[in-house]
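Peer 1: Please see the structure below; I have some questions.
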Amino acid sequence: MLDRAFISVDIGSTYTKGALFSLSLASDRFLLKKQATHPTTVDLPMRGVQHVLASLEAPVDAPIYYSSSAKGGLSIVAIGIVPELTLYMAKLTAYSAGGKITQVFDFKLSQADVRLIDELRPDIILFAGGTDGGNEQYNLHNAKLLQSLTCETTILYAGNRAIVDEITLLLKDKQLEIAPNILPRIDSP
Numbered sequence: 120m121l122d123r124a125f126i127s128v129d130i131g132s133t134y135t136k137g138a139l140f141s142l143s144l145a146s147d148r149f150l151l152k153k154q155a156t157h158p159t160t161v162d163l164p165m166r167g168v169q170h171v172l173a174s175l176e177a178p179v180d181a182p183i184y185y186s187s188s189a190k191g192g193l194s195i196v197a198i199g200i201v202p203e204l205t206l207y208m209a210k211l212t213a214y215s216a217g218g219k220i221t222q223v224f225d226f227k228l229s230q231a232d233v234r235l236i237d238e239l240r241p242d243i244i245l246f247a248g249g250t251d252g253g254n255e256q257y258n259l260h261n262a263k264l265l266q267s268l269t270c271e272t273t274i275l276y277a278g279n280r281a282i283v284d285e286i287t288l289l290l291k292d293k294q295l296e297i298a299p300n301i302l303p304r305i306d307s308p
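In terms of our numbering, the sequence shown opens at residue 120 and continues consecutively.
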């Protein structure tokens, strides 16, 4: 059986650390394949992450799991559709990653919202919304508006999987990462 690779990255106050692991499907064991460290770039933490990822030389499709041990944690802007559902899950996801939510947005973004995001300069934008195969219009609208962002930040899309290709195309000029939908079905968050 083939092994599956995955990456763990911790953004600390001083250093950003990463590790490439392999999960042996035959033996159900984790194996440490490679480690990397880079000074944390306080003004733009994702630069340190990018250096670590390049050093790990991981397969392109290897999922990445982020955490922050830095004082205060990552600043995260969460974007969702319905506050009671997707936005709630986005907040839980951000908090579980050691982040601090600096702003939340629901439903459709406005140009004023995008300007505010630029002013906040978050480390990560957690862009969620829609169950798999569910609502598409809000996320497509929001992706179009996010094209005008001027701040350097990573956009982590964890929404409706049915429109991943469109989201990827719309945000091709941004630092975009794709993750599994945080609310794939309405009855099973």
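Where a beta carbon is used, it is the ideal one built from N, C-alpha and C, also for glycine.
When you compare each of D242, F246, K263 and A298 to I130 by their alpha carbons, which one comes out closest?
Peer 2: D242
Peer 1: When the distance is taken between beta carbons, is L235 closer than 8 Å to A98?
Peer 2: The structure shown does not extend to residue 98, since the chain is modelled only from 120 through 308, so no value can be given for it.
Peer 1: Could you tell me whether the Cβ atoms of T269 and D237 are closer together than 8 Å?
Peer 2: yes
Peer 1: Between the alpha carbons of D251 and Q222, how many angstroms are there, rounded?
Peer 2: Taking the straight line from one Cα to the other gives about 25 Å.
Peer 1: Could you tell me whether the stretch 195 to 210 touches the stretch 291 to 308, where touching means 3 or more Cβ pairs closer than 8 Å?
Peer 2: yes
Peer 1: For the ligand MN, is there a heavy atom less than 7 Å away from the beta-carbon of Q154?
Peer 2: Of ligands this structure carries none, so the ligand MN is not represented either.
Peer 1: With H, G and I counted as helix, E and B as strand and the rest as coil, what does DSSP make of R280?
Peer 2: It is helical.
Peer 1: Find the nearest neighbour of T309 within the set A177, V233 and K136, judged by alpha-carbon distance.
Peer 2: No answer is possible for residue 309: the residues shown for the chain start at 120 and end at 308.
Peer 1: Using the beta-carbon count (16 or more within 10 Å), is L275 buried or exposed?
Peer 2: Classification of L275: buried, given that the 10 Å Cβ count is 16 or more.
Peer 1: Could you pull the start and end residues of the beta strand (DSSP E) that D129 belongs to?
Peer 2: D122 to I130
Peer 1: Roughly how many whole angstroms lie between the Cα atoms of S229 and L264?
Peer 2: 7 Å
Peer 1: Could you work out which residue in L172, L139 and V201 is closest to D225 when comparing CA atoms only?
Peer 2: V201
Peer 1: Measuring alpha carbon to alpha carbon, tell me which of Y134, D292, L139 and T133 ends up nearest I183.
Peer 2: L139
Peer 1: Could you give the DSSP three-state label for E296: helix, strand or coil?
Peer 2: strand
Peer 1: In chain order, what residues of the same chain lie with their CB nearer than 7 Å to the CB of P178, ignoring the 5 residues before and after it?
Peer 2: Only A124 meet the Cβ criterion.
Peer 1: Taking A277 and E255 to be in contact with their CB atoms under 8 Å, please state how far apart those CB atoms are, rounded to whole angstroms.
Peer 2: Incorrect: roughly 15 Å between the Cβ atoms, too far for contact.
Peer 1: Under a three-way DSSP split, which group does Q169 fall into?
Peer 2: helix
Peer 1: Pull the bridge partners of A155 from the DSSP assignment, please.
Peer 2: The partner list for A155 (beta bridge, DSSP) reads G137.
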